[in-house]
């Protein structure tokens, strides 16, 4: 038995050996989080659907993020994750494990790409306002969101096509990439998390610098205006 199998076996023992009180507390807390996730994202989508004024370009990204979070709860966390927590074991077959692993990665990647697009949108609105309307029409924004979702759906396909499978992680109580999938995990982290994170960081740093510069200029103008006013008085 390999060290990886030993780790998974040990984590399985820890999951099964939980006390009734621990199972109830963890399952209850998880259920509360899921309820908040469903209610919060449902209300967000409902408000945008009913209120025409809320259907703005920035809110299109918010809607995309709400959909990915809602689906993560509806397709994976609620029916599969909660059941696993309650039963203290993986009660489903291997097909369900592969489905959950694919769903979790796809929706997590979709959320990350959406956050990056939101940052880019804010960057152009604040730092490059003259170019904002050229790049961010409703049609172009819809295309951006579609591409980000399509891109996310392909995230794990190379892994599956190479003959690999997702495995159940008892410590996470859901199926995911194996612990020993180092090269592919590094690739996933770099491409689907690292790059979007760099984009987000760059955009918000530039936004901060622009806002700070604007505030400084505004304060300087006020000081000069007050100085001139006092001189006239």
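In the working numbering, the protein residues as written are 6 to 238.
Ideal placement from N, C-alpha and C gives every residue a C-beta, glycine not left out.
Exercise for the section: Taking residue 128 as part of the beta strand (DSSP E), name the residues at either end of that continuous run. Expected result: Taken as a continuous stretch (DSSP letters only), residue 128 belongs to no beta strand (DSSP E), being part of the alpha helix (DSSP H) at 99–131.
Practice task
Would you mind working out which of 35, 204, 172 and 61 sits nearest residue 103, comparing C-alpha positions?
Solution key: 172
Practice task
Give a yes or no on whether the C-beta atoms belonging to residue 62 and residue 141 are separated by under 7 Å.
Solution key: yes
Handout entry: Environment of residue 157 [buried if 16+ CB atoms lie within 10 Å]
Key = buried
Problem - Same chain only: Cβ atoms within 7 Å of residue 121, ignoring 5 sequence neighbours per side - result: 201, 204 and 205
Handout entry: Cβ-Cβ distance between residue 180 and residue 78 below 7 Å
Key = no
Exercise for the section: Output the boundary residues of the alpha helix (DSSP H) element that contains residue 26. Expected result: 25–55
Practice task
Assign residue 179 to one of three DSSP states: helix, strand, or coil.
Solution key: strand
Exercise for the section: Can you tell me the Cβ-Cβ gap for residue 19 and residue 175, rounded? I've got them flagged as a contact below 8 Å. Expected result: 7 Å
Problem - Buried versus exposed call for residue 6 [16 or more other C-beta atoms within 10 Å across all chains shown] - result: Confidence at residue 6 is low in this model, with a pLDDT of 48, below 50, so the placement of that residue is unreliable and no value is reported for it.
Practice task
For the region 32–48 and the region 66–83, state whether three or more C-beta atom pairs, one from each stretch, are separated by less than 8 Å.
Solution key: yes
Handout entry: C-alpha distance - residue 159 paired with residue 114, whole-angstrom precision
Key = 10 Å
Handout entry: Opening and closing residue of the beta strand (DSSP E) in which residue 192 lies
Key = First-last for residue 192: 187–193, but that is the alpha helix (DSSP H), not the beta strand (DSSP E).
Handout entry: residue 222 classed as buried or exposed, judged by whether at least 16 other C-beta atoms fall within 10 angstroms
Key = exposed
Handout entry: Selection from 215, 41, 23 and 216 that minimises the alpha carbon distance to residue 94
Key = 23
Handout entry: Per DSSP, the bridge partner or partners of residue 174
Key = 179
Exercise for the section: List the whole-angstrom C-beta distance separating residue 124 from residue 197, where the pair is believed to meet the contact cut-off of C-beta under 8 Å. Expected result: In fact, because the Cβ distance is near 15 Å, the residues do not count as touching under 8 Å.
Problem - Through-space distance from residue 144 to residue 132, alpha-carbon basis - result: 22 Å
Exercise for the section: Compute the beta-carbon to beta-carbon distance between residue 2 and residue 66, rounded to the nearest angstrom, for a pair I have assumed lies under 8 Å. Expected result: The structure shown has nothing for residue 2, since the chain only spans 6 to 238.
Handout entry: Proximity to residue 130 [Cα-Cα], best of 216, 36 and 28
Key = 216
Practice task
Drop a sphere of 10 angstroms on the beta-carbon of residue 126, count the other beta-carbons inside from all chains shown, and report buried for 16 or more, exposed for fewer.
Solution key: buried
Handout entry: Per-residue DSSP class, three states only, for residue 135
Key = helix
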